[in-house]
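**Q** A single structure is presented below for examination.
In full-length UniProt numbering, the protein residues as written are 1 to 132.
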């Protein structure tokens, strides 16, 4: 299958390992109890609300520097962006048992964050979304 130049496809086998590393980074920045409560609050399909989630995990109260560390942990392919394919698995970045976002939730999340319309979330867009 041909892919556009510069396109990186996520290898499903790499996702769990990378999100395990992300979870370890989250543990240093956020409280495990807050993460669990937030994941439990949005465990049902079509229930995800990024504004409430970021508040519940304590990310909204963190510095821009800490939010950018979280972004880097969620950027699975280290491209400098969180693409739609990565965004679907964003809750796994907070805990390995986090659910996948639905296609509708993923698109809504992307639309809320992608201010320049390039179809992906940059580090500054992510920080603005969290603190917005």
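Cβ coordinates follow ideal geometry from the N, Cα and C atoms, glycine included.
Would you say residue 93 faces chain D, with C-beta separation under 8 Å as the test?
**A** Among the protein chains of the structure shown there is no chain D, as only one such chain exists.
**Q** Is the beta carbon of residue 39 less than 8 Å from the beta carbon of residue 98?
**A** Reading the chain shown from its first residue, position 39 is the one you call residue 39. Reading the chain shown from its first residue, position 98 is the one you call residue 98. Cβ distance < 8 Å, so residue 39 and residue 98 count as in contact.
**Q** Suppose contacts are defined by Cβ-Cβ distances below 8 Å. Is residue 81 in contact with residue 122 by that definition?
**A** For this step, residue 81 is matched to residue 81 along the chain shown. For this step, residue 122 is matched to residue 122 along the chain shown. Yes, Cβ-Cβ distance for residue 81 and residue 122 is below 8 Å.
**Q** Could you pull the start and end residues of the beta strand (DSSP E) that residue 120 belongs to?
**A** Position 120 of the chain shown holds residue 120. It spans 120–122 - the beta strand (DSSP E) in which residue 120 sits, taken as one unbroken run.
**Q** Could you pull the start and end residues of the alpha helix (DSSP H) that residue 84 belongs to?
**A** If you number the chain shown from 1, residue 84 lands on position 84. That run of the alpha helix (DSSP H) goes 84–87.
**Q** To the nearest angstrom, report how far apart residue 76 and residue 100 are at their CA atoms.
**A** Here residue 76 is taken as the residue at index 76 of the chain shown, counted from 1. Here residue 100 is taken as the residue at index 100 of the chain shown, counted from 1. The alpha-carbon atoms of residue 76 and residue 100 are separated by roughly 15 Å.
**Q** To the nearest angstrom, how far is the alpha carbon of residue 124 from that of residue 115?
**A** As a position in the chain shown, residue 124 is number 124, starting the count at 1. As a position in the chain shown, residue 115 is number 115, starting the count at 1. Whole-angstrom Cα-Cα distance: 10 Å.
**Q** Roughly how far, in whole angstroms, is the beta-carbon of residue 56 from the beta-carbon of residue 37, given that I think they are within contact range, below 8 Å?
**A** Here the question's residue 56 lines up with position 56 in the chain shown. Here the question's residue 37 lines up with position 37 in the chain shown. That belief holds up - the Cβ atoms of residue 56 and residue 37 are roughly 6 Å apart, short of 8 Å.
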